[in-house]
Amino acid sequence: MRRTNSNDLSGKTAIVTGGARGLGEGIAWALAENGARVMITDVLDAEGEALAAAMGGAGHKAVFRHHDVRDAAAWQEIVAATLAEFGGLDILVNNAGINFVETIESATEEQFRNIVEVNLIGPFIGMQAVIPHMKDAGGGSIVNLSSNSTRKVVVSTTVYSATKAALANLTKTSAAWLGQYGIRVNSVHPGAHDTEMVRKGFEQVTDPAIREAILNAIPLGRLGRPEETGALVAFLASDAASYISGGEYFIDGANSNI
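Note that the working numbering gives residue 180 to position 170 of the sequence shown, counting from 1, and the numbers run on in steps of one.
Below you can see the structure in the form of structure tokens.
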């Protein structure tokens, strides 16, 4: 008889926002490869449909739906579609997010409001949308994608970092309240990963020496891979993490430690 809980997610259903590419794609694959049924949501329809088809072709159960996380009505539709498609809802991964390279001096009010809507208010609405169903089921797991910028100061991501720090705090306060229902809430804090968002950010850094310095500052000496963050999220979503809630988990090659 096993003495430890399993990473197996068989029979569980997950929603992954921003799941069409990048970290979201890596997370969707990791959940599916551990047995979960996955509702992939994004505003990138072509990429999302292609991913769902690829996952289906690999024998996994995955569906894509268009989803603007800023819209509360859209959240209700996604939850209803997930329940209709898979018959349950056990895991929410709030991965959808945006970034731009601006300082406190150069960022505009419009940029600030937009990034807050996507990175902070979207996860807030999403958690509220799934809580009733997780309560009915006797528990669940919510994983919010924050950033290692919550403890590593980078002046060009001033507004982005503020939203991710707020999300990390929202995660902890939510975990403290939702524990009474058996709902666990944790945040994952990636550093630079090999995703389109990071590559676009690098393109805005015109000095090759600066780009090289960014990579050299990572003790493991490379960018992360989306599937590595996916594996961490899958663990936190599983029963193997049954006593883990309110935690912050950094996955950045030790970059936030220096």
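Just so it is clear, CB atoms sit at the ideal spot from N, CA and C, and this is done for glycine as well. In this text the structure is predicted, and so the values were computed from the model without any measurement.
Query raised in the report: Under the rule that 16 or more other beta-carbon atoms within 10 Å means buried, what is residue 13, buried or exposed?
Result: exposed
Query raised in the report: Mind checking residue 101: buried by the 16 CB within 10 Å criterion, or exposed?
Result: buried
Query raised in the report: To which residues of the same chain is residue 96 closer than 6 angstroms at the C-beta, ignoring the five residues directly before and after it?
Result: 23 and 47
Query - Short CB-CB distance (under 7 angstroms) between residue 124 and chain C - result: This model lacks chain C altogether, as it is built from one protein chain only.
Query raised in the report: Under three-state DSSP, which class holds residue 151?
Result: strand
Report task. Give the range of the alpha helix (DSSP H) segment to which residue 217 is assigned. Result -> It is not in any alpha helix (DSSP H) - residue 217 carries neither H nor E in the DSSP assignment.
Requested in this report: May I ask which residues mark the beginning and end of the alpha helix (DSSP H) holding residue 259?
Outcome: For residue 259, no alpha helix (DSSP H) run applies; the uninterrupted beta strand (DSSP E) run containing it begins and ends at 258-261, by DSSP.
Query raised in the report: If we call anything under 7 angstroms between Cβ atoms a contact, is residue 128 one with residue 198?
Result: no
Query raised in the report: Based on the DSSP output, what are the partners of residue 200 in its beta bridges?
Result: 261
Query - Within 7 angstroms, strictly: CB atoms of residue 132 and residue 79 - result: yes
Query raised in the report: To which residues of the same chain is residue 69 closer than 7 angstroms at the C-beta, ignoring the five residues directly before and after it?
Result: none
Report task. Would you be able to state if there are at least three C-beta pairs under 8 angstroms between the region 178-197 and the region 224-235? Result -> no
Report task. Assign residue 123 to one of three DSSP states: helix, strand, or coil. Result -> helix
Query raised in the report: Quick one: what does DSSP say residue 104 is sitting in, helix, strand or coil?
Result: strand
Query raised in the report: According to the neighbour-count rule (16 or more other Cβ atoms, all chains shown, within 10 Å of its Cβ), is residue 113 buried or exposed?
Result: By the 10 Å Cβ count, residue 113 comes out exposed.
Query - DSSP three-state assignment for residue 135, whether helix, strand or coil - result: helix
Requested in this report: Tell me, please, whether the region 118-128 touches the region 136-155 by the rule of three or more beta-carbon pairs shorter than 8 angstroms.
Outcome: Output reads no: the region 136-155 does not touch the region 118-128.
Query raised in the report: Which partner residues of residue 234 appear in the DSSP bridge assignment?
Result: 203
Query raised in the report: Just to confirm, are residue 58 and residue 30 a CB contact at a threshold of 7 angstroms?
Result: yes
Query raised in the report: Name the DSSP bridge partner or partners of residue 49?
Result: 25 and 73
Report task. Alpha carbon to alpha carbon, how far is residue 238 from residue 44? Give it in angstroms, no decimals. Result -> 14 angstroms
Query raised in the report: Of all the options 110, 221, 166 and 26, which has the alpha carbon lying nearest to the alpha carbon of residue 75?
Result: 26
Query - Rounded Cβ spacing between residue 207 and residue 104 (contact assumed at less than 8 angstroms) - result: About 16 angstroms separates the two Cβ atoms, so there is no contact after all.
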